[in-house]
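Under UniProt numbering, the first residue of the sequence shown is numbered 1, with each subsequent residue one higher. One structure is given below, encoded as structure tokens.
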Amino acid sequence: MTSTKPPTLGTLTPMPSAKRSLGPYVVLKKRTGGRAAAYFQVPARLRPPGWAPAIRICSQHDLSADIEAISNEAFGALLIEGAKLLDRLNEVRRGSADAAPARSFPTLVRTLQKSSAWGDLRPKTRDGYVFFIGKVLTWSAMAGHPDPTTLSRARIEAFLSVFNDRPTTKKRVLEVIRLLMEQAIALAWRTDNPAKGIRVKIPKPKALIWEQEDVDTYVRIARAQGMDSIALIILLEWEIGQRLTDVRAFRPGAEYDSDAGVFSFDQSKTDAPVTIEISETLRELLQPLVDEEQLFLFRNERTGKAYTENRLSQSFRWVRKAVVAERVAELMQNEAGTKAELQARRRDLTAEIEEARPLVLRQLRHSCVVQLARAGCTIAEIAAITGHSLGSVTTILSKYLPRDSTVARNAQMKRGIIKSANAS
Numbered sequence: 001m002t003s004t005k006p007p008t009l010g011t012l013t014p015m016p017s018a019k020r021s022l023g024p025y026v027v028l029k030k031r032t033g034g035r036a037a038a039y040f041q042v043p044a045r046l047r048p049p050g051w052a053p054a055i056r057i058c059s060q061h062d063l064s065a066d067i068e069a070i071s072n073e074a075f076g077a078l079l080i081e082g083a084k085l086l087d088r089l090n091e092v093r094r095g096s097a098d099a100a101p102a103r104s105f106p107t108l109v110r111t112l113q114k115s116s117a118w119g120d121l122r123p124k125t126r127d128g129y130v131f132f133i134g135k136v137l138t139w140s141a142m143a144g145h146p147d148p149t150t151l152s153r154a155r156i157e158a159f160l161s162v163f164n165d166r167p168t169t170k171k172r173v174l175e176v177i178r179l180l181m182e183q184a185i186a187l188a189w190r191t192d193n194p195a196k197g198i199r200v201k202i203p204k205p206k207a208l209i210w211e212q213e214d215v216d217t218y219v220r221i222a223r224a225q226g227m228d229s230i231a232l233i234i235l236l237e238w239e240i241g242q243r244l245t246d247v248r249a250f251r252p253g254a255e256y257d258s259d260a261g262v263f264s265f266d267q268s269k270t271d272a273p274v275t276i277e278i279s280e281t282l283r284e285l286l287q288p289l290v291d292e293e294q295l296f297l298f299r300n301e302r303t304g305k306a307y308t309e310n311r312l313s314q315s316f317r318w319v320r321k322a323v324v325a326e327r328v329a330e331l332m333q334n335e336a337g338t339k340a341e342l343q344a345r346r347r348d349l350t351a352e353i354e355e356a357r358p359l360v361l362r363q364l365r366h367s368c369v370v371q372l373a374r375a376g377c378t379i380a381e382i383a384a385i386t387g388h389s390l391g392s393v394t395t396i397l398s399k400y401l402p403r404d405s406t407v408a409r410n411a412q413m414k415r416g417i418i419k420s421a422n423a424s
């Protein structure tokens, strides 16, 4: 196993420059295509109670990750907004302004997280809420911590419009606002929930599955990035199609019997017992992990610890960015033009490739179902491997297989209409 650390893509670090300075606590976060987003970010040790960890600024401007390439207008706006927030921060520190009034969103968050309703949520659900609560607190800080009792539906919709280009985020933020407004009702701050009547539509995702070519590419790139664990998780998912929650927790000598090459465990969601034998090739690839005698089979190369859900998603995003970057580089080889034209072309290609096949790790579970069906497995056989219910397997296949050419060819061979390629 290589110990090379993955690239720290997307980390919040100030962009260095010999000529320009963004001012205290103003940082740029790199995005694809050389773009960036700006934040006012105060370290935790210096942050007053109720102050948001990161406050987005100048979202109306198109910012470059290169500070020298930012337009004068946008750079001036960065300085002005940063200075305003710095003034407010200093006022809060001096005690001349209240960072979190008695009736405020920070107060709602604190009381919610101490309530039984919060304790009854699944840990995974709570983790998701915490992320989107951060976005609400950022908005609250920028708005001077408004009184939630005066919050109207129109004001909520105005805030949500910031996420119009990210409908999934918009829906999750709305869920958090609803939850916080319910907490306001529980505290007798108000009698209605203005977020209840708001609806957010999410476009149906593309019915994507991984193909063998995708697996080969991502495994190769993951290894090149020093993330062998991601490569092995992809290969394992391709063979057994289990929930990532279970895969992250696999332990040698417990869920995985390396001598027999068998995974045996009760699924986390359904408690359904699953026993699956893997290929000899994968057994050989997993053996070095077993020989290391670590508690968990798959460990984050960067931390040396078992993957959390967020860390696993983040590590996979690094690999996906590298896959996209490699493809863009191939297509750009014969491109000609000015530096600005080539940068624009590179951004366009990156967006096109990311949109064409937005693969994610969890799709491997459904992809395994499809591959098993293509191989001629029955629904019962598929369910025995993946642990799905028979109905779930049927639902997955009804979504992904109606126009699958491999399945159609298998059906024609079974009918005797065409011959197998291996037939004499």
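C-beta: ideal position from N, C-alpha, C; glycine also. Here the structure is a predicted model, which is why all the values come from computation and not from measurement.
What is the residue span of the beta strand (DSSP E) that residue i lies within?
| i | result |
| --- | --- |
| E277 | 273-277 |
| V27 | 26-30 |
| Q41 | 35-41 |
| F296 | Element bounds for F296: n/a, residue is neither H nor E. |
| F263 | 262-266 |
For residue i, name the three-state secondary structure that DSSP assigns.
| i | result |
| --- | --- |
| R317 | helix |
| Q343 | helix |
| P252 | strand |
| D214 | helix |
| I57 | strand |
| D98 | Model confidence at D98 stands at a pLDDT of 49, short of 50, so the residue's coordinates are unreliable and nothing is read from them. |
| L397 | helix |
| K419 | coil |
| L244 | helix |
| L63 | strand |
| D259 | coil |
| A195 | coil |
| A52 | coil |
| A77 | helix |
| A336 | coil |
In whole angstroms, what is the alpha-carbon distance linking residue i and residue j?
| i | j | result |
| --- | --- | --- |
| N410 | G376 | 7 angstroms |
| A260 | V274 | 15 angstroms |
| I233 | E355 | 24 angstroms |
| E335 | D348 | 13 angstroms |
| L235 | L364 | 9 angstroms |
| G23 | A83 | 8 angstroms |
| C58 | F163 | 15 angstroms |
| D66 | L46 | 27 angstroms |
| V360 | N90 | 43 angstroms |
| L372 | D165 | 36 angstroms |
| A254 | L289 | 14 angstroms |
| P203 | E211 | 24 angstroms |
| L137 | V42 | 14 angstroms |
| A37 | S64 | 8 angstroms |
| K321 | R35 | 14 angstroms |
| T169 | T350 | 22 angstroms |
Give the range of the alpha helix (DSSP H) segment to which residue i is assigned.
| i | result |
| --- | --- |
| Y129 | 123-142 |
| P167 | 167-186 |
| P288 | 280-291 |
| S116 | 116-119 |
| F159 | 153-160 |
| R45 | From DSSP, R45 is part of no alpha helix (DSSP H); its letter is neither H nor E. |
| Q363 | 363-374 |
| T150 | Here T150 belongs to no alpha helix (DSSP H), and DSSP marks it neither H nor E. |
| residue 425 | Missing from the structure shown is residue 425; the chain here goes from 1 to 424 and no further. |
| V109 | 105-112 |
| A380 | 379-386 |
Buried or exposed for residue i, please, with buried defined as at least 16 other CB atoms from any protein chain shown within 10 angstroms of its CB.
| i | result |
| --- | --- |
| L121 | exposed |
| R155 | exposed |
| A188 | exposed |
| P250 | Checking the displayed sequence, the identity of residue 250 turns out to be Phe instead of Pro. Buried, by the Cβ-count rule. |
| I185 | exposed |
| K30 | buried |
| R248 | buried |
| R346 | buried |
| residue 442 | Given a span of 1 to 424 for the chain in the structure shown, any question on residue 442 remains unanswerable. |
| R20 | exposed |
| R94 | exposed |
| K201 | exposed |
| E81 | buried |
| Q60 | exposed |
| L342 | exposed |
| P252 | buried |
| A44 | exposed |
| D228 | buried |
| T191 | exposed |
| M332 | exposed |
Contact the stretch 232-250 vs the stretch 185-205: 3+ CB pairs below 8 angstroms: The answer is no - the stretch 185-205 does not touch the stretch 232-250, with fewer than three Cβ pairs under 8 angstroms.
At least three beta-carbon pairs within less than 8 angstroms, the stretch 103-116 to the stretch 138-146: yes
Does the contact criterion of 3 or more C-beta pairs under 8 angstroms hold for the stretch 215-226 versus the stretch 323-340? Result yes; three or more Cβ-Cβ pairs closer than 8 angstroms.
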